[in-house]
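Enquirer: First the structure, then my questions, so here it is.
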Amino acid sequence: MVIILRVLLLAGLVVLAIYLFRRIAPRLVADPRMRQLFSGLGLRMLLLFLLRRGMPLLMRAFRMLRFFR
Numbered sequence: 003m004v005i006i007l008r009v010l011l012l013a014g015l016v017v018l019a020i021y022l023f024r025r026i027a028p029r030l031v032a033d034p035r036m037r038q039l040f041s042g043l044g045l046r047m048l049l050l051f052l053l054r055r056g057m058p059l060l061m062r063a064f065r066m067l068r069f070f071r
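Just so we're aligned, residue 3 is where the sequence shown starts under the working numbering, counting upward by one.
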């Protein structure tokens with residue numbers, strides 16, 4: 003029962019992140035300064051930051067589930 007709640011919590015967080023991204027993305031694309039930041043080197047730096055910071059958090063969340071122990 004606990005594992006189902008944890009999976010639902012993770013799924014809810016993913017859905018919330020997608021919802022927030024879809025709300026914010028049009029404003030970011032419309033801003034010329036952000037468009038410049040997210041093209042070329044800025045995009046690579048963002049991806050590198052997400053890989054270094056986001057992946058460990060994601061892996062820790064998956065390890066939280068008893069299924070993967």
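Backbone N, C-alpha and C define an ideal beta-carbon position, used for all residues, glycine too.
(1) Just verifying my parser: in three-state terms, what is the DSSP assignment at Met66?
(2) Taking 7 Å as the limit between beta carbons, can you name the residues of its chain near Met66, skipping five residues before and five after?
(3) Just tell me which of Ile5, Ile6, Leu15, Met47 has its CA closest to the CA of Leu59.
(4) Write down the C-beta distance between Ala63 and Leu12 rounded to the nearest angstrom, noting that I regard them as a contact closer than 8 Å.
Expert: Quick answer:
(1) DSSP places Met66 in helix when its eight states are reduced to three.
(2) Closer than 7 Å at Cβ, skipping near neighbours: Arg8.
(3) The option with the nearest alpha carbon to Leu59 is Leu15.
(4) 6 Å between Cβ atoms; contact.
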